[in-house]
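K.L.:
Going left to right, the sequence shown walks through residues -19 to -1, 1 to 359 as mature numbering (1 follows the signal peptide of the UniProt record, and there is no 0) numbers them.
Sharing a structure with you now.
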Amino acid sequence: MSTSIILLLLLLFFNNAFFFQVQATLSTAAQFELIHRHAPQLSGRGRTLGPPENRLEGVKQLIHSDDARQQMISHRRGLRRRRMMGWEAHSRGDFMKIPMRSAADMGTGQYFVSFRVGSPRPQKVVLIADTGSDLTWMHCNYRCHDCWKKSFLGRAERIFHADLSPSFKTIPCLSNMCKVDLADTFSLSRCPEPMTPCAYDYKYADGSTITGFFANETVTVGLGNSQKIRLHDVVIGCSESWVETSFRELDGIMGLGYGKHSFAVKAAEKFANKFSYCLVDHLSPSNLVNYLSFGNTTSSLLPNMQYTELVLGVISPFYAVNVVGISIGGVMLKIPLQVWDVNGDGGAILDSGSSLTFLTEPAYKPLMAAFEASLDEV
């Protein structure tokens, strides 16, 4: 039952003492600065980006976007389950048509990164860092000199011009990579000619649609010692058109989810199979920076750190956590076990695009009852 899905989401209101502060990195580490949606650097990019009018308005925006994202994630998980059922039906000669949606939803991204793509001169785009997506895509222009004028309404300075990059190589629709490897990343089955680029069509929860095709491209990342390194053959999505208005305020998505062709997995392979990020309180002074790091870092860790294993590949592309229960005052709450079952319809995930912790009703009610009982005793 979909109501059993638990979303344990990263809190952005944490005191930064709960996190390690990333200092300098070794030469074997790559680093991106994470820019919060309310940071001054994003002013002018959209009505909900940049500093809010006041703190109350900022909190309202975060709660509104979290609610939309929670619904979208639940929708996404149900979609993947139905999609698998569709594949099983297809193998028996039946056919099932299911709308496609992605975990990225405009207005719900909390952190952005500067992303440099292409060669020989990398082009800069600003992407939402999203652990709920396994595809990195951006608004893109390829072999169509007037398309960006029609589709992107003059946003030429924020579009990746693939024609200018000799390292940009489309993935053929007849290839095994398109038909098999990218099938779970919403690749389309149409293939008019063998070398036609492998296409995708994302339909979002608000009715917006992004269409484009897959390609391999070179991405340039910065190292902690101010040097740069290039990652070759990174799978990206070249989105050439959209319908509705959800994507006027962003350049694309940086896919950090757990998937074979996720940027997180690709970069981690290059940098010691490690991927981490540090979030400070978004109300902290601007000189405190959030970082997304790949590889080994020289970090100042808090004493007595505790760890828990991530559950990978079960609720793809999300990172799940094996929660077994919630206790208050040493007393375990009576919450149905299926709420935590990652192999069923339950489970808990971490999500970079949310500010609040969401609990499904069977977990939320006993939690609030215990809190209220504690307050009555005061």
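Yeah, the Cβ is synthetic: ideal placement off N, Cα and C, and Gly gets one too.
Fair warning: this is a prediction, and the values are worked out from it, not measured in the lab.
Ordered along the chain, which non-local residues of its own chain (more than five positions away) have a Cβ less than 7 Å from that of V295?
P.N.:
A301, V323 and N324
K.L.:
Got a sec, what are the start and stop residues for the alpha helix (DSSP H) residue 362 sits in?
P.N.:
No answer is possible for residue 362: it lies beyond the span of the chain, which begins at -19 and ends at 359.
K.L.:
Using three-state DSSP, classify L134 as helix, strand or coil.
P.N.:
Confidence at L134 is low in this model, with a pLDDT of 47, below 50, so the placement of that residue should be treated as unreliable; the coordinate-derived value is given next. Of the three classes helix, strand and coil, the one that applies to L134 here is coil, per DSSP.
K.L.:
With 8 Å set as the bound, which would you pick, yes or no: does the beta-carbon of L331 sit closer than that to a beta-carbon of chain C?
P.N.:
No chain C appears in the structure shown, which is made up of a single protein chain.
K.L.:
If I measure Cβ to Cβ from M176 and keep anything under 6 Å in the same chain, skipping five residues before and after, which residues do I get?
P.N.:
P153
K.L.:
Work out the CA separation of L337 and L(-9) for me, nearest whole Å.
P.N.:
Bear in mind that the predicted position of L(-9) carries a pLDDT of just 32, short of 50, making it unreliable; the figure below should be weighed with that in mind. Answer to the nearest angstrom: the Cα atoms are 5 Å apart.
K.L.:
In angstroms with no decimal places, state the Cα-to-Cα distance between W321 and D357.
P.N.:
29 Å
K.L.:
Taking the C-alpha atoms as reference points, what is the distance between V98 and F299?
P.N.:
25 Å
K.L.:
Measuring only from the beta carbon, is P103 closer than 7 Å to any heavy atom that is part of the ligand FMN?
P.N.:
Ligands in the displayed structure: none, and consequently the ligand FMN is not present.
K.L.:
So what's S8 in DSSP terms, helix, strand or just coil?
P.N.:
Note that S8 scores a pLDDT of 45, beneath 50, so its modelled location is shaky and nothing firm can be said.
K.L.:
For a quick check, are the C-beta atoms of A329 and G203 less than 8 Å apart?
P.N.:
no
K.L.:
In this structure, does DSSP put V106 in helix, strand or coil?
P.N.:
In the structure shown, V106 adopts extended strand secondary structure according to DSSP, grouped into three states.
K.L.:
Can you grab the Cα-Cα spacing for the pair C121 / L348, in whole Å?
P.N.:
47 Å
K.L.:
Which one of G233, V161 and N206 has the shortest CA to CA distance from M191?
P.N.:
What sits at residue 191 in the sequence shown is Ile, not Met. Considering only alpha carbons, the answer is G233.
K.L.:
Just to confirm, are I210 and T117 a CB contact at a threshold of 8 Å?
P.N.:
no
K.L.:
So, do the region 235 to 243 and the region 158 to 167 have three or more beta carbon pairs nearer to each other than 8 Å?
P.N.:
yes
K.L.:
Note the first and the last residue of the continuous alpha helix (DSSP H) segment covering V246.
P.N.:
F244 to K251
K.L.:
Going by DSSP in three states, E38 sits in which element: helix, strand or coil?
P.N.:
When DSSP states are grouped into helix, strand and coil, E38 belongs to the helix group.
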